[in-house]
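In the working numbering, the protein residues as written are 5 to 162.
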């Protein structure tokens, strides 16, 4: 299984900055919508959230800008599950122009399954774990994203 195409959109005029590029906040909006679509795929949709009182919270994310994205571009997010455990999901979203294979931006995320009544961490249901395991197994042969696990920092100079 290739990475899942989780979201497709066109870059709107309100999303573009004074340089004619997709504004940084809107990269995250696009990736956030892709996460919502993945939640739907996993059965964590709005009906499930309302019935169970559970949801996913973002614990940490990293965003890498690789190539310009301009007004009107048709873009899609492809999502790869990196790892999961009983309560957490590690994923990587890649942004592409529709029909192309050059990554425009990458977004690594760590998500936590949460019981909103606390709120506190809660295990995924068996059904969700089954879906996570199936997708992870189907994507097992995909190469790990080149920017996975990057750390922000400046080199120490003497």
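Cβ atoms here follow ideal geometry from the backbone N, Cα and C, with glycine treated the same way. Please read all numbers here as calculations on a predicted model, not as lab measurements.
Problem set entry | Candidates 10, 140, 129 and 152, of which the one nearest residue 87 by Cα | Of the listed residues, the one whose Cα sits closest to residue 87 is 140.
Problem set entry | Residue nearest to residue 155 in terms of C-alpha spacing, selected from 129, 102 and 68 | Among 129, 102 and 68, the Cα nearest to that of residue 155 is on 68.
For this session: Note down the Cα distance separating residue 164 from residue 107, rounded to an integer number of angstroms.
Result: An answer regarding residue 164 cannot be provided, because it is not within the stretch 5 to 162 covered by the chain.
For this session: Give me whichever residues DSSP pairs with residue 119 in a beta bridge.
Result: Per DSSP, 58 and 124.
Exercise. Going straight from the alpha carbon of residue 129 to that of residue 116, what length do you get?
Worked result: Here the alpha carbon of residue 129 sits roughly 13 Å from the alpha carbon of residue 116.
Exercise. Going by DSSP, what residues sit across from residue 113 in a beta bridge?
Worked result: Here residue 113 is bridged, per DSSP, to 65 and 95.
Exercise. Residue 79 and residue 12: beta carbons closer than 9 Å?
Worked result: At a Cβ-Cβ threshold of 9 Å, residue 79 and residue 12 count as neighbours.
Exercise. Sorted by chain position, which residues of the same chain lie with C-beta nearer than 6 Å to residue 10's C-beta, five sequence neighbours on each side aside?
Worked result: Cβ within range, chain order: 38, 41, 42, 81 and 83.
Exercise. Do three or more CB pairs link the segment 87 to 102 to the segment 47 to 59 at distances below 8 Å?
Worked result: In short, these stretches do not touch, since the Cβ pair count stays below three.
Exercise. Among residues of its own chain, excluding the 5 on either side of residue 7, which ones have a beta-carbon nearer than 8 Å to its beta-carbon?
Worked result: Excluding sequence neighbours, residue 7 sits near 82, 83, 84, 98, 143 and 146.
Problem set entry | 8 Å CB neighbourhood of residue 33 in its chain, flanking five on each side removed | Take residue 33, set aside five residues on each side of it, and the residues of its chain with a beta-carbon closer than 8 Å to its own are 19, in chain order.
For this session: Determine the DSSP secondary structure at residue 53, reduced to helix, strand or coil.
Result: In this structure, DSSP gives residue 53 a helical state, which the three-state scheme calls helix.
Problem set entry | Residue of 60, 55, 110 and 74 minimising C-alpha distance to residue 23 | Of the candidates 60, 55, 110 and 74, the one whose C-alpha sits nearest the C-alpha of residue 23 is 74.
For this session: Tell whether a beta-carbon distance below 9 Å holds between residue 113 and residue 35.
Result: In this structure, residue 113 places its C-beta atom within 9 Å of the C-beta atom of residue 35.
Problem set entry | Boundaries of the alpha helix (DSSP H) in which residue 41 is found, first to last residue | The continuous alpha helix (DSSP H) containing residue 41 extends over residues 28 to 45.
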